[in-house]
Amino acid sequence: MSQTVLAKSMELAWGLLESYEIDPVPLFQKAHIDPRHFKDPTARISQASSNELWKNVAKAVDDPSFALKLGELWHPSHMHALGYAWLASSTLRTALNRLVRYIKVVSDSTEVILAEKGDQLSIVVTNPAREKVPYWYSDGDLSIVMAMCRANYGDKLSPEAVTFKYPAPKSTADYYAYFRCPIEFNARHSSIVFPGKIVDKRLSGSNPMLAQLNDQVMVKYMARLDEDDIISRVKITIIELLADGRLSDGKVAETLYMSNRTLQRKLQEQGTTFKKILTDVRHELALKYIQNHQMTLTELSFQLGFSEMSAFSRAFKHWTGKSPRDFRATA
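Residue 369 in my numbering sits at position 311 of the sequence shown; the count goes up by one each step and never skips.
Pasting the structure below:
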């Protein structure tokens, strides 16, 4: 499957060009990107078109540190529901784990890696589809992550350190001005490093219920990225039917316009069963819902499609080794 990027994220390139008083239209046309896609928050473009656009932007802008400005232009809408789930996260660590889990919403070839060493947490952004491209990709990635962290924590936030894989440019003033911390060039990775006390501090914008709702949107969206994947299609349907009491393998098959026998055969070909997928979905959603203290355990049980609280309690203890009440007390 070809690699794709959320079209809405390309608004960053449009805004950047306008900030340099450069007409974006010719460069977008050259990369075969239609800006009308910006109006559709779910639209995607190819990774190849994105790469072509950014190479053209770099040539057009007479500023070696241009990509550092992307952080100033970042808006949560550039990341679909991930942007809003990020803002509602309870801590930076929670937000960063969410970024790791759902970065495919923005770019299915990008990976975010969190590395913990002592009391430090390093954030590394990689993209194998663009490894052999200039330094400014790292500049852009880290400036955006920094802007996201400041949006949650506060504008005064500064990391413990920032590292870049490439050699130091002739002028590093813009780097120090933006990140406001020690910077190492020729490092092993391009990364942002935060102390544990910062990433674990409770954030004033914390809203677990809102974050959870956006997580659900992302789960459905990511599954729809490959509609031909029967497992993903079954997961989407299960999520949609869980809380209304109509969930069964027969109902899922009907929703997917196939017979129950055909559904079971397709799942068997993929080495799984309806029961296993249902259990996996319930397990994943239960771990998300349990952290929302505004939802009672009875409500949580209902949302997961259990007819009785006792059945949910037994299932949850089987998954985690703890009762829902005990798990929530330590969550």
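For every residue, glycine included, the Cβ atom is placed at its ideal position computed from N, Cα and C.
Remember, predicted model here, so these are calculated numbers, not experimental data.
DSSP, read as helix, strand or coil, puts Ala209 in helix. Annotated three-state conformation of Leu64 is strand, per DSSP.
Collapsing the DSSP output to three states places Thr221 in a strand. For Arg304, there is no enclosing beta strand (DSSP E), as DSSP marks it with neither H nor E. Contact between the region 168-185 and the region 139-147 is absent, with fewer than three C-beta pairs closer than 8 angstroms. Ile80 carries a coil assignment under DSSP once its states are collapsed to helix, strand and coil. Where Gln178 is concerned, the enclosing beta strand (DSSP E) starts and stops at 178-184. By the neighbour-count criterion, in which a residue is buried when 16 or more other Cβ atoms sit within 10 angstroms of its Cβ, Arg291 is buried. The beta-carbon separation of Leu261 and Ser148, rounded to 6 angstroms, stays under the 8 angstroms limit for a contact. A straight line joining the alpha-carbon of Trp377 with that of Tyr211 spans about 33 angstroms. One thing to note: Leu150 has its Cβ no nearer than 9 angstroms to the Cβ of Phe222. Of Asn114, Ala106, Phe96, the smallest CA-CA separation from Ser135 is found for Phe96. Between Asp166 and Gln274, the C-beta gap is not smaller than 9 angstroms, which leaves the two residues out of contact.
Counting only the Cα atoms, Thr337 lies some 15 angstroms from Val310. Selection Glu130, Thr100, Ser67 evaluated against Leu111 yields Ser67 as nearest (Cα-Cα).
Here Glu366 carries a coil assignment [DSSP, helix/strand/coil].
Rounded to whole angstroms, the separation of the alpha carbons of Ile335 and Ile289 is 8 angstroms. For Phe237, the enclosing alpha helix (DSSP H) has its first and last residue at 231-237. C-alpha of Leu75 to C-alpha of His138: approximately 22 angstroms in a straight line. Sequence-distant Cβ neighbours of Val83 in its own chain, meaning closer than 6 angstroms and more than five residues away, do not exist here.
Around the beta carbon of Ser108, 16 or more other beta carbons sit within 10 angstroms, so the residue counts as buried. The region 120-131 and the region 218-236 touch, with no fewer than 3 CB-CB distances between them shorter than 8 angstroms. Ser248 sits close to Val183, with the two beta carbons spaced by under 9 angstroms. Contact between Lys127 and Ser196 is ruled out by a C-beta separation of about 14 angstroms, above the 8 angstroms threshold.
Comparing alpha carbon positions, the residue from Arg208, Arg156, Val115, Glu342 closest to Gly129 is Arg208.
Counting only the Cα atoms, Tyr279 lies some 22 angstroms from Asp307. Looking at the DSSP output, Ala373 bridges to nothing.
Under a 10 Å Cβ-count criterion, Lys259 is classified as exposed, with fewer than 16 other Cβ atoms of the shown protein chains found around its own Cβ.
In the DSSP assignment, Ala387 falls within the alpha helix (DSSP H) that extends over 382-388. Per the C-alpha coordinates, the member of Asn318, Leu343, Gln178, Ala116 positioned closest to Leu85 is Ala116.
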